[in-house]
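Reviewing the structure listed below.
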């Protein structure tokens, strides 16, 4: 049956021709309401009836019906229309006219009720259609985002699937919608918003079964693809802030060198409730996300630890902030910096290139931008692209995976979190990647450590200024199987020399590398001091050391401060 849409006094109405007969029975009432628009609409109804009759039968009878009905309705319309200017109080202008028009209100009340109901229904239909239109637009936009994230996950899976050396069952990729209730608090207002975040579950890395004759080819492909970067993975930057208004220096550099706000969202997590610092952070507007740690109360500690209250609050803040990143914002990785760190021009490039290595090598648990012995004069300025494995957790600009946080969070310490990370129970013989030349530099002498090491070491750390295109380099040499063999061969094939030969006036010739050997905790500390590197150990691990070996430059020569050949493990009593 045909259906037609007409507009009655500005409202869209959809009518079924089967129901036109009921309306035609009340044609007199309709005419009493008639306006030029309504009259035109009635003509459309009659046309609808004409289409229906045409299907059923005689064209002549239908034409006669339309002619009679048309003239009858025209007469009724003219008869029922009030004179112009005689609307009175009922809708018009002249005094007294309201009584004449008002006398007829009773006659048209039934028609008013019918038309009013039609108009009300039409308005509801139009409103509902508008709502449905908006919902469809939202669904379309979310579908596009979903498809984009699905493609992102597929690319990430293709980039990293060849990095595993063990077989895993293939699992379907999941892209759940996670409801996010985020409270953003600063010193002047609280904003609560509800968002939907599309989270791509980290892809399962699958090594397919191969025929024997294809294995050699596959291994070659693995070597090529092992360090291929993941161009679309989102790497958020978490800035841990408190009461330093100089956080502006850190944020300015991060925003200056950030290649994409979408791929590197900056989240500033503030503790302490410091109003001036909050205003500085808030001045960046939509360039960053500002969140505030809600619990500012002092932490109960034993009497001899009251002076360490700041370390307890820092550990609490780290735990809260990392839970926000992984459990609320639902990211799969994060780079953590503090509010007194300045970053290098290739800071973002460095972490993007090393993310696949961290994801694929189970013997790694962090990527750090920091070299503890990165003072000017102890590093090779011509080796800005040189990277190392290290058993010492460096911190100061480091990448963490969600899976590692899930392991650490349940046992997170109440204080001194960085030293806790260096315990064997947490490290589990895993290593980090560090650079020859640091990609971060600290400018914050003021802090809970009261400047420990700052004046002697930290203020002299050399910050890299040369942009290195790490994502275009082959970094597969950092994978443990290849690195250990090459690194140990290079170290223990270097000539063994005494520290006196390396000092000014020594007889040693050549540019190195050379090896200086230590055999005990005390001998290590003496040699380290004489050579100008940091001499402290944590759980027996020297700063920047790997398998007990510390690599650095001394008077222009590459030096390896190393234990005897055949080293097997760290002695935790060396602390």
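Residue numbers (the numbering used here): 65 to 639. Every residue gets a Cβ at the ideal spot worked out from N, C-alpha and C, and that includes glycine.
Contact holds between the stretch 456 to 472 and the stretch 599 to 613, because three or more Cβ pairs, one in each stretch, are under 8 angstroms apart. With fewer than 16 other Cβ atoms inside 10 Å of its own Cβ, residue 325 counts as exposed. Straight through space, the alpha carbons of residue 477 and residue 535 are spaced by roughly 35 angstroms.
When only Cα atoms are considered, residue 484 and residue 572 end up about 41 angstroms apart. Contact annotation: residue 604 and residue 631 have beta-carbon atoms that are not nearer than 8 angstroms. For residue 334, the three-state secondary structure derived from DSSP is strand. Setting aside the 5 residues that flank it on each side, residue 440 is surrounded in the same chain by 524 and 526, each with a C-beta closer than 7 angstroms to its C-beta; the list follows chain order. By a beta-carbon distance limit of 8 angstroms, residue 539 contacts residue 418. Their separation comes to about 7 angstroms.
DSSP places residue 535 within a helical segment (H, G or I) once states are collapsed to three.
The C-beta of residue 486 has 16 or more other C-beta atoms within 10 Å across all chains shown, which makes the residue buried. For residue 498, the enclosing beta strand (DSSP E) stretches over residues 495 to 499.
Residue environment: residue 300 is assigned as buried (16 or more neighbouring CB atoms within 10 Å of its CB, all protein chains considered).
In this structure, the alpha-carbon of residue 528 lies about 6 angstroms from that of residue 501. Of 342, 446, 343 and 413, the smallest CA-CA separation from residue 620 is found for 446.
One alpha carbon belongs to residue 305, the other to residue 466, and they sit about 21 angstroms apart. Using a Cβ distance threshold of 8 angstroms, residue 503 and residue 411 count as a contacting pair.
405 is the residue among 374, 405 and 130 whose C-alpha sits nearest the C-alpha of residue 506.
Counting along the chain, the unbroken beta strand (DSSP E) around residue 406 starts and ends at 405 to 407. By the beta-carbon neighbour count (other beta carbons within 10 angstroms, threshold 16), residue 132 is exposed. Where residue 345 is concerned, the enclosing alpha helix (DSSP H) starts and stops at 339 to 346. Contact between the stretch 369 to 376 and the stretch 342 to 352 is absent: fewer than three C-beta pairs spanning the two stretches fall below 8 angstroms. Listed as beta-bridge partners of residue 626 by DSSP are 581. In this structure, the beta-carbon distance from residue 544 to residue 425 falls below 8 angstroms. With fewer than 16 other CB atoms across the displayed protein chains lying within 10 angstroms of its CB, residue 520 is exposed. Contact between residue 597 and residue 616 holds, with the beta-carbon distance rounding to 6 angstroms and staying under 8 angstroms. Per DSSP, reduced to three states, the secondary structure at residue 385 is helical. Residue 370 has its alpha-carbon roughly 9 angstroms from the corresponding atom of residue 364. The Cβ-Cβ distance between residue 561 and residue 532 does not fall below 8 angstroms. Contact annotation: residue 595 and residue 618 have beta-carbon atoms nearer than 8 angstroms. In the three-state reduction of the DSSP assignment, residue 610 falls in the strand class, which pools E and B.
Residue 400 and residue 340 have their C-alpha atoms spaced approximately 23 angstroms apart.
Residue 505 carries a strand assignment under DSSP once its states are collapsed to helix, strand and coil. In the three-state scheme derived from DSSP, where H, G and I count as helix and E and B as strand, residue 400 is classed as strand. In this structure, the straight-line span from the alpha carbon of residue 584 to that of residue 556 is close to 18 angstroms. Looking at the DSSP output, residue 454 shares a beta bridge with 496. Residue 366 counts as exposed, since fewer than 16 other C-beta atoms from the protein chains shown sit within 10 angstroms of its C-beta.
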